[in-house]
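K.L.:
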Amino acid sequence: MVSTIAAVYGPNASGKTCFLDALKFVSNFVRVGLRERDASRSIPVEPFLLDSSSDGQPSEFLVEFIAGDGLRYVFSFGVTRREVVYEELVVYYSSQPTKLYVRSSNGGEQSIKFATALKGQKKQVWAITRSNALFLSAASVGGLDPLKDAYVELAYGIELYDAADYPGEFYNIKLMAKNNRSGIDELSELLRYADIGVLGIDVRRVAASEEDAEKTMMGVEVVERVKSSDDFELSDLKWIMGTDVYFLHRGSGENVWFSSSHESDGTVAALSFFSLALHALKSGSTILVDEMERSLHPILLKEYVRLFVDPRTNPNQAQLFFTSHDTALISDSSPDERVLQRDQVWLCDKAESGKTSLFPLTDYSPKDRENLGRNYMNGIYHALPNPRFHERFAELVSSSSNSKNE
Numbered sequence: 027m028v029s030t031i032a033a034v035y036g037p038n039a040s041g042k043t044c045f046l047d048a049l050k051f052v053s054n055f056v057r058v059g060l061r062e063r064d065a066s067r068s069i070p071v072e073p074f075l076l077d078s079s080s081d082g083q084p085s086e087f088l089v090e091f092i093a094g095d096g097l098r099y100v101f102s103f104g105v106t107r108r109e110v111v112y113e114e115l116v117v118y119y120s121s122q123p124t125k126l127y128v129r130s131s132n133g134g135e136q137s138i139k140f141a142t143a144l145k146g147q148k149k150q151v152w153a154i155t156r157s158n159a160l161f162l163s164a165a166s167v168g169g170l171d172p173l174k175d176a177y178v179e180l181a182y183g184i185e186l187y188d189a190a191d192y193p194g195e196f197y198n199i200k201l202m203a204k205n206n207r208s209g210i211d212e213l214s215e216l217l218r219y220a221d222i223g224v225l226g227i228d229v230r231r232v233a234a235s236e237e238d239a240e241k242t243m244m245g246v247e248v249v250e251r252v253k254s255s256d257d258f259e260l261s262d263l264k265w266i267m268g269t270d271v272y273f274l275h276r277g278s279g280e281n282v283w284f285s286s287s288h289e290s291d292g293t294v295a296a297l298s299f300f301s302l303a304l305h306a307l308k309s310g311s312t313i314l315v316d317e318m319e320r321s322l323h324p325i326l327l328k329e330y331v332r333l334f335v336d337p338r339t340n341p342n343q344a345q346l347f348f349t350s351h352d353t354a355l356i357s358d359s360s361p362d363e364r365v366l367q368r369d370q371v372w373l374c375d376k377a378e379s380g381k382t383s384l385f386p387l388t389d390y391s392p393k394d395r396e397n398l399g400r401n402y403m404n405g406i407y408h409a410l411p412n413p414r415f416h417e418r419f420a421e422l423v424s425s426s427s428n429s430k431n432e
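At position 46 of the sequence shown the residue is numbered 72 (the working numbering), and the sequence of numbers has no breaks.
(1) What residue from Trp283, Ile356 and Leu327 has the CA that sits closest to Gly292's CA?
(2) Please report the Cβ distance between Ala65 and Asn158, rounded to the nearest whole angstrom; I am assuming they are in contact, meaning their Cβ atoms lie under 8 Å.
(3) Residues bridged to Ser130 by DSSP?
(4) Which partner residues does Gln343 have in the DSSP bridge list?
(5) So Lys125 and Val116 are supposed to be a Cβ contact under 8 Å. How far apart are they, rounded?
(6) In angstroms, rounded to a whole number, what distance separates the CA positions of Glu113 and Leu160?
(7) Which residues bound the beta strand (DSSP E) around His275?
(8) Over the uninterrupted beta strand (DSSP E) stretch that includes Leu160, give me the two end residues.
(9) Can you pull the DSSP bridge partners for Gly226?
(10) Taking all protein chains shown into account, decide if Arg84 is buried (16 or more other Cβ within 10 angstroms of its Cβ) or exposed.
(11) When you compare the CB positions of Ile222 and Ile210, do they come within less than 8 Å of one another, or not?
(12) Let's test the definition: count the other Cβ atoms within 10 Å of the Cβ of Lys42 and tell me whether it reaches 16, buried, or not, exposed.
(13) Just to check my reading of the structure: Asn38 and Pro411 have Cβ atoms closer than 8 Å, yes? What is that Cβ distance to the nearest angstrom?
(14) Are Pro392 and Arg368 close, meaning C-beta to C-beta below 8 Å?
(15) If you measure between the beta carbons of Ser286 and Asp270, is that distance less than 8 Å?
(16) List the residues that DSSP assigns as beta-bridge partners of Glu86.
(17) Enumerate in chain order the residues of its own chain whose CB-to-CB distance from Arg276 is below 7 Å, with the five nearest sequence positions on each side excluded.
(18) Leaving out the 5 sequence neighbours to the left and right, which residues in its chain are closer than 6 Å to Ser214 when beta-carbon positions are compared?
(19) Can you give, in chain order, each stretch of the alpha helix (DSSP H) that sits fully within the region 153 to 211 and has at least 4 residues?
(20) Contact between the region 412 to 424 and the region 380 to 395 is defined here as three or more beta-carbon pairs at a separation below 8 Å; is this criterion met?
(21) For Pro324, does the three-state DSSP call read helix, strand or coil?
(22) Given Gly104, which residues of its chain have a CB within under 6 Å of its CB, disregarding the five upstream and five downstream residues?
(23) Under the rule that 16 or more other beta-carbon atoms within 10 Å means buried, what is Ile406, buried or exposed?
(24) Please report the Cβ distance between Glu319 and Asp352, rounded to the nearest whole angstrom; I am assuming they are in contact, meaning their Cβ atoms lie under 8 Å.
(25) Does the distance from the CB of Leu186 to the CB of Ile266 come in under 8 Å?
(26) Please report the straight-line C-alpha distance between Asp389 and Ala295, rounded to a whole angstrom.
(27) I think Trp283 touches Leu297, with their Cβ atoms under 8 Å apart; what is that distance to the nearest whole Å?
(28) How far does the beta strand (DSSP E) with Asp375 in it reach, from first residue to last?
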């Protein structure tokens, strides 16, 4: 069975965020590749800047996943800023792999080979596939049904969130109020059970002009955050710009509504993660959260992670990938009490060359009742910072004090 949790630990600037960004790029490139990319636009990939030999070399990606049809797929591709240099989709109808198609580029000449198992308008789809877009993206436009489940899983089954930008989830919460009012009631109930002093939420209209909405429409990041379907329209942006999320607090005499600008970061983070989790757990999708513990109490963080572990709350095998520095999640010696198990922890470390390595904690063969958090902080698994700035601070402060006394 595929694990529903993966937590990545490691020093600051060790490459944890880059790992999540790579998954986000795959999802975005699959989803918008043909629809929003003309032949002259470059592909937004960056070579490894600390190795000059990587400049001009393709960036390569591989994702293994189970799609909505229950089949296991392996999707891989390589791209430069100019073109897709190779692309391959493998499916497992049985224990043996079947290559549905293999695409390659030789001196700028693009070619593709199809498996006989791939039925449908494949040649017609290949004819509309540009050199800077994926064939899988073109298949969604061309109606190549055998590839639909793989496309949907990659394009819409992965969502990335930076915990520093938890308020960004308010866009989805506002759309929920517009399209599915019962979802707001569910979030209100969950907040009451979180014991953070909030009785409920509401989405209310505030003043906003059509010009503001059109300006927002120009922001690609905003559109990507709130666009969940191909029929996304300006009216959704107008609704988002013209509303705010309000929080109901218990007062000494009567209850009081707070606008989002008056709400604490912790409450905003709690609501945002409830919204993320509820959507993922219902749909069975994958969410990626960078620095998940930011603004969250450790007890709340533990309970959030447990939502993805418990089969009662996660019957659809939704997945949570997150980066963290919170070792409390791995510090209980008893496996029954520990939130994260040995095979759910990954470590990220950077070599002197600047290259990042991502490896599972199980590479160290920890014992079942080992205190993983304590051993990690003691350096047994490496992937720790090695700060040596304390004495230098003392020297700089002392030097400054001496200068003032002269």
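Glycine is no exception: its CB is placed at the ideal position from the N, C-alpha and C atoms.
This one's a predicted model, so the numbers in the text were calculated from it and none came from an experiment.
P.N.:
Once the coordinates are examined:
(1) Leu327
(2) 6 Å
(3) Tyr112 and Ser137
(4) The partner list for Gln343 (beta bridge, DSSP) is empty, contrary to what the question assumes.
(5) 5 Å
(6) 7 Å
(7) Thr269 to His275
(8) Note, Leu160: premise wrong, no beta strand (DSSP E); not H, not E.
(9) Leu274
(10) Checking the sequence shown, residue 84 turns out to be Pro, not Arg. Flag for Pro84 reads buried.
(11) no
(12) buried
(13) 7 Å
(14) yes
(15) yes
(16) Gly104
(17) Gly223 and Leu225
(18) Gly226 and Ile227
(19) 161 to 168, 174 to 182 and 196 to 205
(20) no
(21) helix
(22) Pro84, Glu86, Val111 and Tyr112
(23) exposed
(24) 4 Å
(25) no
(26) 34 Å
(27) With a Cβ gap of about 14 Å, Trp283 and Leu297 do not count as contacting.
(28) Val371 to Lys376
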